[in-house]
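Chemist: Going by our numbering, the residue at position 88 of the sequence shown is 89; the numbering climbs one at a time, nothing skipped. Quick reminder that beta carbons are idealized off the backbone N, C-alpha and C, glycines included. A quick note: this is a predicted structure, and the numbers were derived from the prediction, not measured.
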Amino acid sequence: MLRLVIVMAALLTALPAVAGAQQRFLTEEAAVTRILDVANERMALMPGVAATKWQTHAPVADPKREQVVIEIVGYGPSSTSYVNAADDPANAAKK
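Next up, the structure:
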């Protein structure tokens with residue numbers, strides 16, 4: 002059951018991003034609205050994920066699982082740009 006919840010959460014967060022990557026916006030307002038809508042969809046999943054992790058005593062961060070999700074959706078932290086280099090997890094390991 003936990004695996005199903007995690008896969009569904011990954012798919013629900015990945016699909017809007019993939020679909021949105023090909024979408025062109027007519028206005029800046031439309032682009033911002035879409036970003037906020039996707040963020041709200043993702044935030045709506047968090048209580049269920051947190052409850053599942055609490056009940057199963059699963060760790061909050063699960064790097065092995067994150068790697069599986071990255072392989073499934075085809076992108077991850079390596080395709081993320083950080084405004085502040087200190088926020089990049091790859092740089093955190095160097096500290």
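Ends of the alpha helix (DSSP H) at alanine 45?
Modeler: Numbered from its first residue, the sequence shown carries residue 45 at position 44. Counting along the chain, the alpha helix (DSSP H) containing alanine 45 begins and ends at 29-57.
Chemist: At the level of alpha carbons, what is the spacing between lysine 65 and alanine 52?
Modeler: Counted from its first residue, the sequence shown places residue 65 at position 64. Counted from its first residue, the sequence shown places residue 52 at position 51. Each residue's Cα considered, the two are about 20 Å apart.
Chemist: Going by C-alpha distance, which of Thr34, Glu72, Gly49 is nearest valine 61?
Modeler: Reading the sequence shown from its first residue, position 60 is the one you call residue 61. When each option's Cα is compared against that of valine 61, the closest is Gly49.
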